[in-house]
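S.K.: In our numbering, the protein residues as written are 129 to 319.
From the three backbone atoms N, C-alpha and C, an ideal C-beta is built for every residue, glycine too.
All of these numbers come straight from a predicted model, not from anything done at the bench.
#1: Kindly indicate the opening and closing residues of the alpha helix (DSSP H) around residue 171.
#2: Where does residue 155 sit, in a helix, a strand or coil, going by DSSP?
#3: Can you give the Cα-Cα distance for residue 242 and residue 297, rounded to whole angstroms?
#4: Is residue 131 helix, strand or coil when you go by DSSP?
#5: Looking at the secondary structure, which residues open and close the beta strand (DSSP E) in which residue 237 lies?
#6: Since residue 212 is in the alpha helix (DSSP H), which residue starts that stretch and which ends it?
#7: If you measure from the CB of residue 232, is any heavy atom of the ligand HEM nearer than 7 Å?
#8: Closest by CA to residue 279, which one among 225, 258, 290?
#9: Verify whether the separation of the beta carbon atoms of residue 197 and residue 311 is less than 8 Å.
#10: In whole angstroms, what separates the C-alpha of residue 246 from that of residue 201?
#11: Identify the residues that DSSP records as bridge partners of residue 195: which are they?
#12: Suppose the cutoff is 6 Å on Cβ atoms and the five residues either side in sequence are ignored; what does the same chain contact list for residue 212 look like?
#13: Identify every residue that forms a DSSP beta bridge with residue 337.
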């Protein structure tokens, strides 16, 4: 077991190193400067034969900047849920779809090769809790099938970046199913 923190107060250090269940297996690592908020502008990933350097995804678009693209606008409660889902989805490995209800994630489809598979997993994990919930997708829906799957599960509103060649078909699917959809204009693709 490892616990990483900027520092440990004496009481915490004593507790973590003296409890019989933990003391033999716990490693306490001090990472000074951690939590300062300054993580720098770059994200580094090791790849075979080198390093991938890309801009760090630090943006989060507030709901006021979103564009409603469907006939039905999201309610205030749905907007609050979409904001939570969008912020959570940003931190899930792509391709990612999350389903949220009452500021809790109830279904997460992460790290899939297709957005439809991510939606399927999120719906499966959410089960009945998807009814009346909202969903977020870290990148655009390339086809309407993901939206149809979410609609069949009972999702009422979706936030996504937009930008697909098939946006019109995806929007039509939402309009046919009475789902509100907003575009953020920014994707949160995480690998």
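M.R.: With the structure as the only source:
#1: By one-based count along the chain shown, residue 171 stands at place 43. Element bounds for residue 171: not the alpha helix (DSSP H) but the beta strand (DSSP E), 170 to 175.
#2: Against the chain shown, residue 155 aligns to sequence position 27. Strand at residue 155.
#3: Mapped onto the chain shown, residue 242 falls at position 114. Mapped onto the chain shown, residue 297 falls at position 169. Note on geometry: alpha-carbon atoms of residue 242 and residue 297 lie some 18 Å from one another.
#4: For this step, residue 131 is matched to residue 3 along the chain shown. Reduced to three states, the DSSP call for residue 131 is strand.
#5: Residue 237 sits at position 109 when you count from the first residue of the chain shown. Boundaries of the beta strand (DSSP E) harbouring residue 237: 232 to 237, taken from the DSSP string.
#6: Here residue 212 refers to the residue found at position 84 of the chain shown. Start and end: 204 to 217.
#7: Absence of the ligand HEM is noted for the structure shown, with no ligands found whatsoever.
#8: Sequence index remark: in the chain shown, residue 279 carries index 151 (1-based). If we check each option's Cα against that of residue 279, 258 comes out closest.
#9: The sequence position of residue 197 within the chain shown is 69, counting from 1. The sequence position of residue 311 within the chain shown is 183, counting from 1. Yes, the pair counts as a contact, with Cβ atoms nearer than the cut-off.
#10: On the chain shown, position 118 is the one that residue 246 refers to. On the chain shown, position 73 is the one that residue 201 refers to. Whole-angstrom Cα-Cα distance: 25 Å.
#11: For the purposes of this step, residue 195 is identified with residue 67 of the chain shown, where counting begins at 1. Assignment of beta-bridge partners to residue 195 by DSSP yields 311.
#12: For the purposes of this step, residue 212 is taken as residue 84 along the chain shown, with counting starting at 1. 228, 231, listed in sequence order.
#13: Since the first and last residues shown for the chain are 129 and 319, residue 337 lies out of range.
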